[in-house]
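Residue numbers (the numbering used here): 39 to 100.
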């Protein structure tokens, strides 16, 4: 198995007034996607008795 690398970037927003609406929209979309993925994962788990892997969940969400 290949090594997995996780990078974390830290940034600050200086023009918050200009990007606030866009950030709110992206946060809302990410929250919706997370909720749909959790709901789908729970349904698959209930039907099959196993937690779906990344590929299975991705196929359902497409």
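All C-beta atoms, glycine included, are put in the ideal place defined by N, C-alpha and C.
Closer than 8 Å to chain B by CB, residue i
i: residue 58; result: Reference to chain B is not applicable here, since this structure consists of a single protein chain.
Unbroken alpha helix (DSSP H) run spanning residue i, endpoints
i: residue 42; result: Segment: none, residue 42 is in no alpha helix (DSSP H) and carries neither H nor E.
i: residue 93; result: 92-99
i: residue 50; result: Note, residue 50: premise wrong, no alpha helix (DSSP H); not H, not E.
8 Å contact criterion, which residue i and residue j should meet: CB distance rounded
i: residue 68; j: residue 99; result: The pair is not a contact, with the Cβ atoms about 14 Å apart (cut-off 8 Å).
i: residue 57; j: residue 51; result: 6 Å
**Asked** Between the segment 88-99 and the segment 62-79, do three or more beta carbon pairs fall short of 8 Å?
**Response** Touching, yes, given that three or more Cβ pairs across the two stretches are closer than 8 Å.
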